[in-house]
Each structure stands twice: as C-alpha cells, then as structure tokens.
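Sequential numbering from 19 applies to the sequence shown in the working numbering. Here is the structure we will look at.
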Amino acid sequence: MTVNNVDPTELAKFSASAHHWWDPAGEFAPLHHINPLRLGWIDGICPLRGARVLDVGCGGGILAEAMACRGAEVLGIDLSEKSLKAAQLHALETQTAQVNYRVIAAEALAAEAPESFDVVTCLEMLEHVPDPASIVAACATLVKPGGWVFFSTINRNVRSFLMAIVGAEYVLGLVPRGTHEYARLIRPSDLARFCRVAGLVLERTSGLAYNPISQRYRLTHDTGVNYMLATRKPAMA
Numbered sequence: 019m020t021v022n023n024v025d026p027t028e029l030a031k032f033s034a035s036a037h038h039w040w041d042p043a044g045e046f047a048p049l050h051h052i053n054p055l056r057l058g059w060i061d062g063i064c065p066l067r068g069a070r071v072l073d074v075g076c077g078g079g080i081l082a083e084a085m086a087c088r089g090a091e092v093l094g095i096d097l098s099e100k101s102l103k104a105a106q107l108h109a110l111e112t113q114t115a116q117v118n119y120r121v122i123a124a125e126a127l128a129a130e131a132p133e134s135f136d137v138v139t140c141l142e143m144l145e146h147v148p149d150p151a152s153i154v155a156a157c158a159t160l161v162k163p164g165g166w167v168f169f170s171t172i173n174r175n176v177r178s179f180l181m182a183i184v185g186a187e188y189v190l191g192l193v194p195r196g197t198h199e200y201a202r203l204i205r206p207s208d209l210a211r212f213c214r215v216a217g218l219v220l221e222r223t224s225g226l227a228y229n230p231i232s233q234r235y236r237l238t239h240d241t242g243v244n245y246m247l248a249t250r251k252p253a254m255a
C-alpha cells in the first residue's frame, strides 16, 4: 500500500471548496442529485440498517450522513480537514448522531483497524489519488469477511472525455473546470483487476447516466462513463 497516497493539489482544491459541500445548487450539486440513486443501490444490495459502515474519501459527508439516516453506524474519513469540519457542522445541525468523522488516510486506518466494517464505500474518490489500487487494497483490508465494498468512478475512453470533462465541466458547467484529469480516469477492467488483486469478488455493476434535457440522473447498465462496482470479501471458510 502507498503510505502518502495524496495529491496536494487535489487536496487543496477540495479544501478550498469545503464551504460549498452542502449547497444543493453549488459546485457539488451533482453529488446531491445522484446521492439518492447511489444510496438506494447500495442499500438494495446490502441493507444498511444496523451495519457498521466506513465511507472513504467522504468529503463533506453527503453520502455518509445519508447512510446514517438509513440506520447505519457510519465513520467518514478524509484528508481534508476543512471538508470534515463542514461534514461535522452539518451533522450537528441535522442531529445525525450515527455518523462520525476522522482525518486519516485509508491505508493508515487499514493498518490500525483491519476487518472492522460490515460495509466500505469509496465513491467519486479513486480518480483523485495517485495510487487508486492502494485505496482498493486498504478498503479490502478494512471490510470484514463476507462484507461489501462499493466503488464509483469514471471510465477512461473518448466518450467519457467528451461527456464527463468537456461536457460536464466546460459546456454544461455541472462541475468546476479542472475537477477531473483524463489520465487519472479508470477503466472498469482496471478497477476490477485492482479488486481481484486485493481479494475482493466483483458481484454487480451499474452505470449512471445524465440527461441534459431533463437534467435528471438515472441508473443504467451502461458503464461507459460514470459507473459503480459492488464487490464482496469472501467469508472465512
């Protein structure tokens, strides 16, 4: 695993935007719009109520807090202290007692608390770190045998470049320009390989599509642009 698996530029970028995390019309609006879809997909595969859940790269806590509201006991981790302060403040305002936050790298937590969580989520984060395979390995270490690990990221191909970068950032302005770097986007086959090497079994996939006319998102079987993987750590024999 990579010890210092962080890009200072990426960390500074998200820290500078920390005060926008809970603005539903701000730069993180797409995350607010897709959150019910990805939350429902996760909860439908692995019921969250009563589960101990880790959200890796939780940012301002949009997913972490939603999972806590579904009855999970959630720990969100991130390396952006400003983002976590925004998450903590919102949790206090909404009185979401089942969620806590901590500034720590996934790799460090994996060394400290292996096999501690029923569910691990790592959404919209892998494309922002130098070594995504290291994050996948840490997630595999952190989940209990028989537990689930969920990932989401962006495919790397011509269509994803045109839609997720040119379209979303420069034409439609859905996210700030420079949010994503094409070279860091990850093909599903590569992410699946990272999972296999880490000892995770791929169980399900889903794509996420955006209709610019209706301005609505939907789940789809097409993983050509945005996609999610549901993986599971084999139970001990």
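Even glycine gets a Cβ: it sits at the ideal position worked out from N, Cα and C.
Cβ-based burial, residue i [other Cβ within 10 Å; buried from 16]
i, result
"Asn23", "buried"
"Asn244", "buried"
"Ile153", "buried"
"Ile172", "buried"
"His198", "buried"
"Val161", "buried"
"Tyr188", "exposed"
"Ser35", "buried"
"Ala216", "buried"
"Glu145", "buried"
"Pro150", "buried"
"Val147", "buried"
"Val74", "buried"
"Glu99", "exposed"
"Leu247", "buried"
Which of helix, strand or coil DSSP assigns to residue i
i, result
"Glu145", "helix"
"Met254", "coil"
"Asn244", "strand"
"Pro17", "With the chain covering only 19 through 255, there is no way to say anything about residue 17."
"Thr238", "strand"
"Ile122", "coil"
"Arg195", "coil"
"Gly185", "helix"
"Arg222", "strand"
"Val24", "coil"
"Ile153", "helix"
"Ala227", "strand"
"Thr114", "coil"
"Ser170", "strand"
Neighbourhood of residue i by C-beta distance below 6 Å, restricted to the same chain and skipping five residues each side
i, result
"Gly164", "Ala253"
"Glu91", "Arg70, Gln116"
"Val138", "Leu72, Cys157, Leu160, Val161, Val167"
"Arg250", "Trp166, Val219, Glu221"
"Ala210", "Leu220"
"Ala124", "Val74, Ile153, Ala156"
"Ile60", "Phe168"
Contact set for residue i: own chain, Cβ-Cβ below 7 Å, skip 5 residues either direction
i, result
"Ser178", "Ile172, Leu203, Gly242, Val243"
"Val193", "Glu45, Pro48, Ala186, Glu187"
"Phe135", "Arg70, Val71, Leu72, Leu160, Val161, Lys162, Gly165"
"Cys64", "Val137, Trp166"
"Glu28", "His146"
8 Å Cβ shell around residue i - same chain, five flanking residues per side excluded
i, result
"Arg67", "Arg88, Gly89, Ala90"
"Ala104", "Ala36, His37, Trp39, Trp40, Gly78, Gly79"
**OP:** Examine the Cβ distances between the stretch 120-132 and the stretch 87-101 and report whether three or more of them are shorter than 8 Å.
**Re:** Result yes; three or more Cβ-Cβ pairs closer than 8 Å.
Subject >> Contiguous alpha helix (DSSP H) assignments of at least 4 residues, all confined to the stretch 34-98 >> reply: Qualifying alpha helix (DSSP H) stretches, in chain order: 47-63, 80-87.
**OP:** Count the CB pairs spanning the stretch 37-50 and the stretch 102-115 that are closer than 8 Å, and state whether there are at least three.
**Re:** Cβ pair count under 8 Å is three or more, so yes.
**OP:** Would you check if the stretch 218-232 and the stretch 51-65 touch, i.e. whether three or more CB-CB distances between them fall below 8 Å?
**Re:** Yes, they touch.
Original post:
Is the stretch 230-237 touching the stretch 66-86 in the sense that three or more CB pairs, one from each, lie closer than 8 Å?
Top reply: Output reads no: the stretch 230-237 does not touch the stretch 66-86.
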